[in-house]
Every structure is written in structure tokens, then in C-alpha cells.
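Numbering (the numbering used here), first residue to last: 1 to 514.
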């Protein structure tokens, strides 16, 4: 493929079509006239390729060719498989990292990746505890005889794959066992943290950290706008993630604040079961002296005792008429819910950026997978720039390109009116640039719809609203061509310049006043 040229003005955005995941290459012009390249995320769900021949290694090879093997900035929004596993991809022939030939200038991360930030560290500890608890839940389901394709485990293992970047938590489980053998004196929490450092998603970030000369640039919403190295005038505003714990853990559009920062009862119960052998020691209704374990019943030689418990409670391999009385494994039922919640919480830590162009003030908005609390946190944000106040509402109003959050799912784009007090879709492109609005949805809809528990990605209502707002100018990675709506005139559609290939879509936001 030929080199990706930087436009005379503005930014060219290349949206790769690797599968159900994000990978965006941006090009703009430096002061010296050369091209500046920024890559935002690179990943996909396992086996979600849109076209079988367009694999992630081919995407990375194209990035190298397009940039002359030089990325000025790599920005990672958050640590999910479909945003980072491309950075850990290996060349199928040499087995070397695909990104090895590509030089990386700077790495930009959210403040949640700052090892010196106490709040970020507490979030990381919460993530570790929950992930280990879910790993233990999957292991206990396995021991209970549930196969990997059983309904009880399918979604749990899918979500574990998402959080780890590998085949469920199998690799994590093996590392955890090995670390326990090698470092028996360490606490279980420390053993777990060491094991988690080896998961694919973590290794992808470490790989990027090791590839740059200095420290990563950590972006914060309360910081002045950031500049692009060597580029004049372009400003990058960090809108999220928020540092307010209630907003950070507010996940659903209905606004219910469900969680606290510290691990809750469900997590602690699962974690105790994983690390200590059962949830009894974490939280049990009765003192141990008032109960008898199922294991003791099964091992007992007392025929009457066994018969009583088989009839009234059930034991391994038996079904009792009153089997509902078994409550010792009820904690496993919370595993799927907990896994979904962990997924949403990581989504909500997404680094959200608004890229402002210098001449026109047009804005490109990249939201990662930000959910409700992240969106809500933007409304009060403001910055002082050259003696004037810039607000988040103002930036969103000037947005002409929107990278749709989380494949267009129900909880990553908020509905609302222009007059609403919170950021929502109606705030975007609500001023003079409304006729230039374009949206990009990274999704493999058929793949998502055919999962054991289907996902509606994108949500039909959101896609319809975007189509209406953008007057048909909506790229979806699994749709080969953006079709002209029937109510749009030919002259208007002719102005919508784009490149469409099997590997990527490309669109330029110009920065020349009309």
C-alpha cells in the first residue's frame, strides 16, 4: 500500500476494518511539512474478523507502510482486548511482534495508568481482586463438571477473555498456580497481581511502554490542552475518565449508582472462595459450629446421616427433592453479573479526547468505550486558552467526527436534548458545523448477533439517530460501502469524499474556512 499522505489542512482518519474492535490511524501536517501520525488503539475480539484474509498482522503491516514505520504518538484508550491485543500480535511466520519494525515516539495513556496515582492504584487493586475472583469461579465450575461450552460458563469465559486478552483465564490460572509454587510466602493478593502482569492485555501495554524512550504521557481532564509533537495549533483536550468515584462507577444510562470503590460483598465472597477455598470465611450466615460441610457428609460412614442429607439437601452426584436447600454454591450465580460489571467498569475508564483544529475550530471526538459516568463528567469541564474559556459543551458542539463508543452499544452513547444539562448525542455538531457531521462505528454486527448471548452492536436506535444526524455519512466497519440515503441530493453526496477498501475506510476533516 502507498504512504498515507497528510492533508494540506486538517486531519485524515483511517478506520481499519480488522473486526469487532478499534484501530484508527490519524495523519496531519507538521510545521516542517512532514506527516505526523497518531494511532488510537489496535485490537479486536478473537475470531471476529470481518474478512478472513484481513488479519491483524496485515493491519499492522499496513500501518507500517502507511507511516514509513514511524508513529509519532500511540494512544491507548483502555485495556480491553478489542483495543490493545494488536500490540501483542506476533508475525505468523517469524513469531516476532508485528509492531517491532515501527518506531514509536510517545505513548499517551489515561491517568488510570499512572503508577504514582493513589486513586489509580486503588482502581487497579479492585480490578485485580475481581479478575481473580472470576477466574476462581470459572475454575470451580470446571471442577463441578460444567464444560467450557455450557451455558453456565460461556459468557463468563467470553468476558474473561475480554479482560485478559487470551483464552478465558486459562493462562492466568496456570501463572497463578506457578507463582504460588514459586513464591509461597507472598500474600494471595500479591501472587495474583504478579500473575495478572502476564496477561495479554497487560503485556500489550508493557510492550508499548518498553518501546518508547521516556515515560508515557498521562492525560487528565483537569490539565491544560495537550499539543501534538511538531504540529502547530492542534489542541487535544482530555475529557475523561473522571476522577469522581461515583461517576467513574456509574455505568448505565438510567443513572443508578450501583457500586462503591472498594470491592463489594459479591466480589469479596468470590475472592475468598478463590483464594481461601470457599466463601464461608468471608461471609456466612451461621457460625461454623452450627453446620456440617458437604464434604464431611460425603466422607461419613454414618448411613443415617448420609440418607438424611441426600433426602433433604442433596450431595455430590445425587438429586434431592429439596435440592433447592443447597445454598453453598449460590455465590457462583453472581459470577456472570460480576464479569459484566467489571467489563463496564473498565470501559468507563476510557481515555476520551477531543482534537481541536486551529483554523476552523472543528473537533474530532474519540470516546473509547466510555459509558454513562464518563459522559456525565464532561459537562462542567472548562479550560482557559489564549485568554478565552473553552467548555466541553462548546467542543462537542463543534464536533464533526464522532468515533462511536463501544461498537454503538446502548450504554456508550447518551440520548438527550441540546438543552440538557449533561453531555449527549444532541450536543454533538449542534452549531455551524452540523452539516459536516460524520460518525464511525467499529463493529462486526453479524458476528456479535450470532454469539451464544447476542449483542446488538450497534443498537438499532442509536444507528438510526446517527444516520439521521449525519445525513447518511456513517461508516460501519462491516459494511463495505456507505450508501447514499434516498432523501439526500446527488450534489450534497458528492461532497462526501472518502476512500473505501477491504482493509480500511479513510476520511479527511478539512481545516480550511469555506
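C-beta atoms are modelled at their ideal positions from N, C-alpha and C, and glycine is treated no differently.
Sequence-distant residues of the same chain with beta carbon closer than 7 Å to residue i, five excluded per side
i: residue 220; result: 111 and 238
i: residue 54; result: 17, 18, 502 and 503
i: residue 377; result: 240, 242, 244 and 247
i: residue 427; result: 393, 396, 397 and 418
i: residue 68; result: 3
i: residue 465; result: 425
i: residue 162; result: 80, 81 and 343
i: residue 117; result: 111
i: residue 225; result: 235, 236, 237, 383 and 385
Cut-off 8 Å between Cβ atoms - residues of its own chain near residue i, not counting five sequence neighbours on either side
i: residue 70; result: 37, 102, 103 and 105
i: residue 120; result: 111, 112, 113 and 114
i: residue 96; result: 90
i: residue 430; result: 396, 397 and 418
i: residue 83; result: 21, 22, 41, 42, 43, 76, 77, 368 and 369
i: residue 451; result: 158
Backbone secondary structure at residue i - three-state DSSP
i: residue 110; result: strand
i: residue 499; result: strand
i: residue 433; result: coil
i: residue 422; result: coil
i: residue 196; result: helix
i: residue 440; result: strand
i: residue 81; result: helix
i: residue 336; result: helix
i: residue 508; result: strand
i: residue 8; result: coil
i: residue 245; result: helix
i: residue 19; result: coil
i: residue 204; result: helix
i: residue 99; result: coil
i: residue 445; result: helix
i: residue 251; result: coil
i: residue 395; result: helix
i: residue 346; result: helix
i: residue 3; result: coil
i: residue 89; result: coil
i: residue 209; result: helix
Cβ-Cβ distance between residue i and residue j below 8 Å
i: residue 392; j: residue 379; result: yes
i: residue 490; j: residue 439; result: no
i: residue 78; j: residue 386; result: no
i: residue 352; j: residue 28; result: no
i: residue 192; j: residue 176; result: yes
i: residue 22; j: residue 442; result: yes
i: residue 371; j: residue 251; result: yes
i: residue 436; j: residue 400; result: yes
i: residue 134; j: residue 338; result: yes
Residue i versus residue j: straight-line alpha-carbon distance, rounded
i: residue 56; j: residue 419; result: 42 Å
i: residue 495; j: residue 475; result: 15 Å
i: residue 201; j: residue 132; result: 15 Å
i: residue 43; j: residue 76; result: 10 Å
i: residue 74; j: residue 218; result: 12 Å
i: residue 14; j: residue 182; result: 46 Å
i: residue 143; j: residue 336; result: 17 Å
i: residue 58; j: residue 99; result: 11 Å
i: residue 159; j: residue 189; result: 21 Å
i: residue 140; j: residue 149; result: 15 Å
i: residue 499; j: residue 125; result: 44 Å
i: residue 402; j: residue 92; result: 34 Å
i: residue 493; j: residue 364; result: 21 Å
i: residue 381; j: residue 223; result: 10 Å
i: residue 11; j: residue 236; result: 13 Å
i: residue 211; j: residue 170; result: 28 Å
i: residue 445; j: residue 389; result: 41 Å
i: residue 46; j: residue 85; result: 9 Å
i: residue 31; j: residue 233; result: 10 Å
i: residue 405; j: residue 253; result: 13 Å
i: residue 410; j: residue 350; result: 16 Å
Cutoff 6 Å; reference residue i; Cβ partners in own chain excluding five residues on either side
i: residue 9; result: 510, 511 and 512
i: residue 455; result: 448
i: residue 6; result: 27, 28, 29 and 35
i: residue 462; result: 408 and 413
i: residue 453; result: 155
heavy atom of the ligand HEM below 7 Å from residue i C-beta
i: residue 468; result: For the structure depicted, the ligand HEM is absent and the ligand set is empty, with no information on it obtainable.
Next item on the list: Would you list, in sequence order, the uninterrupted alpha helix (DSSP H) runs of no fewer than 4 residues that lie entirely inside the segment 34-77?
Entry: DSSP runs (the alpha helix (DSSP H)) wholly in the segment 34-77: 56-67.
Item checked: Residue ranges of each alpha helix (DSSP H) within the segment 360-393, 4 or longer -> Counting only unbroken stretches of 4 or more residues, the alpha helix (DSSP H) elements lying wholly within the segment 360-393 are 372-376, in sequence order.
Next item on the list: List in chain order: all unbroken alpha helix (DSSP H) runs of 4+ residues lying wholly within the segment 107-194.
Entry: Counting whole runs of 4 or more residues, the segment 107-194 contains the alpha helix (DSSP H) stretches 118-143, 151-164 and 170-182.
Next item on the list: Ignoring anything shorter than 3 residues or poking outside the segment 447-493, list the beta strand (DSSP E) runs there in chain order.
Entry: Within the segment 447-493, the complete beta strand (DSSP E) segments at least 3 residues long are 474-476, listed from N- to C-terminus.
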